[in-house]
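Report on the structure given below.
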């Protein structure tokens with residue numbers, strides 16, 4: 308039975324991922340919200356991930372910044388006294404948060420400050436309208452079929468499966484994105500981690516600075532995050548550090564200061 312399901316998935320995933328992209332393209336915002344420019348332009352922005360370095364900072368650290376953007380489960384730490392945003396590229400994580408008590412924070416933020424920019428288009432299928440209404444949806448500007456090796460074997464081998472996913476982000480893609488007055492027209496989504504995509508989202512509005520914490524891009528999660536999310540203690544961050552430095556150099560040429568305090572504390 309498992310083998311039959313695996314064989315079926317080889318043929319259905321290329322179709323479902325493409326349909327997911329079409330659905331996402333249709334439901335996503337077409338123009339930037341004025342509020343985003345007002346929140347980020349000429350401000351000091353903190354992007355908060357879930358990595359171990361998060362345990363090394365206190366509330367005084369957060370207070371140094373004008374706006375705080377929380378990634379994934381880090382939203383549970385949001386201080387209502389500050390201007391906050393939620394951001395993720397993983398619908399699965401957003402669904403998990405939807406079942407947590409601290410989803411109330413996202414409800415309070417409202418959809419204009421709760422952003423989902425999916426990297427896996429399959430996940431956008433079969434979502435309830437009730438869930439979707441809490442977020443502003445952003446679709447990757449361009450996508451293509453990519454080959455992935457299945458984790459499951461079929462007749463003793465791991466077959467290749469084609470997924471429709473966001474195109475790889477390089478300087479050429481970034482140039483096209485940066486030249487657009489409306490960034491949602493050609494938004495670049497990094498598949499590897501929400502943090503890199505969140506940087507792009509903020510950087511387009513020319514803040515004074517962007518600083519990361521809890522974005523260690525290494526194994527483990529902060530204790531304050533995993534104490535009620537044990538299954539979340541995992542790290543698919545291959546080459547994220549290299550991509551960060553490449554993005555840092557690119558944005559520096561655009562006058563945007565990008566730092567990662569996760570590696571300094």
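In this note's numbering, the protein residues as written are 308 to 572. Ideal Cβ positions, reconstructed from N, Cα and C, are used throughout, including at glycine.
Distance cutoff 7 Å, beta carbons only. Does residue 492 sit that close to anything in chain D? Of the chains in the structure shown, none is chain D; there is only one protein chain.
Using the beta-carbon count (16 or more within 10 Å), is residue 387 buried or exposed? Looking up residue 387 in the chain shown gives position 80. Exposed is the call here.
Would you call the CB atoms of residue 517 and residue 565 closer than 7 Å? Working through the chain shown from its first residue, we reach residue 517 at position 210. Working through the chain shown from its first residue, we reach residue 565 at position 258. Closer than 7 Å, so yes.
DSSP three-state assignment for residue 395, whether helix, strand or coil: Taking the first residue of the chain shown as position 1, residue 395 is located at position 88. Correct three-state label for residue 395: strand.
Return the residue from the list 425, 551 and 469 that minimises the CA-CA distance to residue 334. Here the question's residue 334 lines up with position 27 in the chain shown. The shortest Cα separation from residue 334 among 425, 551 and 469 belongs to 425.
Should residue 442 be labelled buried (16 or more other beta-carbon atoms within 10 Å of its own) or exposed? Within the chain shown, residue 442 is the residue found at index 135, counting from 1. It is buried - the Cβ of residue 442 has at least 16 other Cβ atoms within 10 Å.
N-terminal and C-terminal residue of the beta strand (DSSP E) that residue 451 is part of: On the chain shown, position 144 is the one that residue 451 refers to. Per DSSP, residue 451 belongs to the beta strand (DSSP E) from 450 to 456.
Determine, using beta carbons only, whether residue 428 and residue 324 come nearer to each other than 7 Å. The residue you call residue 428 lines up with position 121 of the chain shown. The residue you call residue 324 lines up with position 17 of the chain shown. A contact, by the Cβ cut-off of 7 Å.
Quick one: residues in its chain with C-beta nearer than 7 Å to the C-beta of residue 496, no 5 flanking neighbours on either side, listed in chain order? For this step, residue 496 is matched to residue 189 along the chain shown. The answer, listed in chain order, is 396, 424, 426, 447, 473 and 504.
Please look up how many angstroms separate the CB atoms of residue 491 and residue 336, rounded, as I've assumed it's under 8 Å. Along the chain shown, read from residue 1 onward, the residue named residue 491 stands at position 184. Along the chain shown, read from residue 1 onward, the residue named residue 336 stands at position 29. Going by Cβ atoms, the distance from residue 491 to residue 336 rounds to 6 Å, so yes, they are a contact pair.
Going by other Cβ atoms of all chains shown within 10 Å of its Cβ, with 16 needed for buried, is residue 406 buried or exposed? Looking up residue 406 in the chain shown gives position 99. Per the 10 Å Cβ criterion, exposed.
Pairwise C-alpha distance: residue 561 and residue 383: Taking the first residue of the chain shown as position 1, residue 383 is located at position 76. Taking the first residue of the chain shown as position 1, residue 561 is located at position 254. Cα to Cα, residue 383 sits roughly 33 Å from residue 561.
Starting from the C-beta of residue 569, find all residues in its chain whose C-beta is less than 7 Å away, skip the five residues before and the five after it, and write them out in chain order. Translated into positions along the chain shown, residue 569 becomes position 262. Taken in chain order, the residues that qualify are 358, 360, 519, 520, 521, 522 and 523.
Can you list, in chain order, the residues of its chain whose CB lies under 8 Å from that of residue 440, leaving out five sequence neighbours each side? As a first step, residue 440 is located in the chain shown; it is residue number 133 there, counting from the start. Result list for residue 440: 418, in chain order.
CA-to-CA distance, residue 398 to residue 414, given in whole angstroms: Within the chain shown, numbered from 1, the residue matching residue 414 stands at position 107. Within the chain shown, numbered from 1, the residue matching residue 398 stands at position 91. Going by the C-alpha atoms only, they are around 16 Å apart.
Taking residue 475 as the reference, give the member of 456, 450, 467 and 454 with the closest Cα. Numbered from 1 along the chain shown, position 168 holds the residue referred to as residue 475. Nearest C-alpha to residue 475: 450.
Closest to residue 467 by CA distance: which of 478, 353, 477 and 454 is it? What you label residue 467 is simply residue 160 of the chain shown in a count that begins at 1. Nearest option by C-alpha distance: 454.
Can you tell me whether residue 498 is buried or exposed? The criterion is at least 16 other CB atoms within 10 Å of its CB, across all chains shown. If you number the chain shown from 1, residue 498 lands on position 191. It is buried - the Cβ of residue 498 has at least 16 other Cβ atoms within 10 Å.
Under a three-way DSSP split, which group does residue 512 fall into? Within the chain shown, residue 512 is the residue found at index 205, counting from 1. Coil, per DSSP.
Residues of its chain near residue 362, where Cβ-Cβ distance is below 7 Å and the 5 sequence neighbours each way are ignored: Taking the chain shown and counting its residues from 1, the one referred to as residue 362 is at position 55. Excluding positions up to five away in sequence, the list reads 529, 530 and 531.
Span separating the alpha-carbon of residue 514 from that of residue 471: For the purposes of this step, residue 514 is taken as the residue at position 207 of the chain shown. For the purposes of this step, residue 471 is taken as the residue at position 164 of the chain shown. The alpha-carbon atoms of residue 514 and residue 471 are separated by roughly 32 Å.
If we ignore side chains and look at the alpha-carbon of each, how far apart do residue 342 and residue 572 end up? As a first step, residue 342 must be located in the chain shown, where it is residue number 35. As a first step, residue 572 must be located in the chain shown, where it is residue number 265. The straight-line gap from Cα to Cα measures roughly 32 Å.
Taking the straight line between their C-alpha atoms, what separation do you get for residue 549 and residue 556? Walking along the chain shown from the start, residue 549 turns up at place 242. Walking along the chain shown from the start, residue 556 turns up at place 249. Computed Cα separation, rounded: 11 Å.
Out of 401, 321 and 353, point me to the one whose CA is closest to residue 421's CA. Here residue 421 corresponds to residue number 114 of the chain shown, with the count starting at 1. Minimum Cα distance to residue 421 is reached at 401.
Less than 7 Å between the beta carbons of residue 563 and residue 347, yes or no? Working through the chain shown from its first residue, we reach residue 563 at position 256. Working through the chain shown from its first residue, we reach residue 347 at position 40. Not a contact, by the Cβ cut-off of 7 Å.
Residue 557, enclosing alpha helix (DSSP H) - first and last residue: Counting from 1 along the chain shown, the entry for residue 557 is found at position 250. Residues 547 to 559.
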